[in-house]
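Asks:
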Amino acid sequence: MVQKKLAVRRGDRVLVLSGKDKGKKGKVITTLPDAGRIKVEGINLIKKHAKPTPKVPQGGIREMEGAFAASKVMVICPACSKPTRVGKKIGADGRRVRSCKRCGESLDK
Ligand SMILES: [Zn+2]
1306 MVQKKLAVRR
1316 GDRVLVLSGK
1326 DKGKKGKVIT
1336 TLPDAGRIKV
1346 EGINLIKKHA
1356 KPTPKVPQGG
1366 IREMEGAFAA
1376 SKVMVICPAC
1386 SKPTRVGKKI
1396 GADGRRVRSC
1406 KRCGESLDK
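Note that the sequence shown covers residues 1306 to 1414 in this note's numbering.
#1: Do you know how far the Cα of residue 1392 is from the Cα of residue 1330?
#2: Going straight from the alpha carbon of residue 1377 to that of residue 1322, what length do you get?
#3: Do residue 1320 and residue 1336 have their C-beta atoms within less than 8 Å of each other?
#4: Mind listing, in chain order, the continuous alpha helix (DSSP H) runs of no fewer than 4 residues lying wholly within the segment 1320-1348?
#5: Which residues bound the beta strand (DSSP E) around residue 1311?
#6: Quick check: the segment 1370-1387 against the segment 1339-1353, are at least 3 beta-carbon pairs closer than 8 Å?
#7: Quick one: Cα of residue 1413 to Cα of residue 1326, how far?
#8: Taking residue 1328 as the reference, give the member of 1388, 1341, 1366 with the closest Cα.
#9: Say yes only if the C-beta of residue 1336 is nearer than 7 Å to one or more non-hydrogen atoms of ligand 1, and no if none qualify.
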């Protein structure tokens, strides 16, 4: 099976482009490449009904991040601090790295 790849990676800071959290920024905490979806810290919070556990005997409702389409965000470039499209280039060590289409800096450390 072909490995699908997202332009967005875990740890990226992203800007949300649409939906109820439009305009918010957050850090990517999970990527689901097969589904083309991501989870971002503090974005798209959903209420989850938790079953009682030994730790939380009363159970109840917890808020947690819900996955949403990775196409709804833009990566924020750490070099120029602006939301950018992601390009590709060959890094100094010969590997393919993601680059900022605005300033050309590598997005991968
Ligand atoms: Zn940049």
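Glycine included, each C-beta is placed from N, C-alpha and C at the ideal position.
Replies: Answer, in terms of the structure:
#1: Mapped onto the sequence shown, residue 1330 falls at position 25. Mapped onto the sequence shown, residue 1392 falls at position 87. So the two alpha carbons sit approximately 20 Å from each other.
#2: Stepping through the sequence shown from its first residue, residue 1377 is reached at position 72. Stepping through the sequence shown from its first residue, residue 1322 is reached at position 17. Each residue's alpha carbon lies about 5 Å from the other.
#3: One-based indexing of the sequence shown puts residue 1320 at position 15. One-based indexing of the sequence shown puts residue 1336 at position 31. No, Cβ-Cβ distance for residue 1320 and residue 1336 is not below 8 Å.
#4: Within the segment 1320-1348, no run of alpha helix (DSSP H) reaches 4 residues while sitting entirely inside it.
#5: On the sequence shown, residue 1311 is found 6 positions in, with the first residue counted as 1. First-last for residue 1311: undefined, no H or E at that position.
#6: With three or more CB-CB distances shorter than 8 Å, the segment 1339-1353 counts as touching the segment 1370-1387.
#7: In the sequence shown, the residue the question calls residue 1413 occupies position 108. In the sequence shown, the residue the question calls residue 1326 occupies position 21. Looking at the two C-alpha atoms, the distance is approximately 26 Å.
#8: Along the sequence shown, one-based indexing puts residue 1328 at 23. Ranked by Cα distance from residue 1328, the options 1388, 1341, 1366 are led by 1388.
#9: For the purposes of this step, residue 1336 is identified with residue 31 of the sequence shown, where counting begins at 1. Ligand 1 never approaches residue 1336 closely enough for any of its heavy atoms to be under 7 Å from the residue's Cβ.
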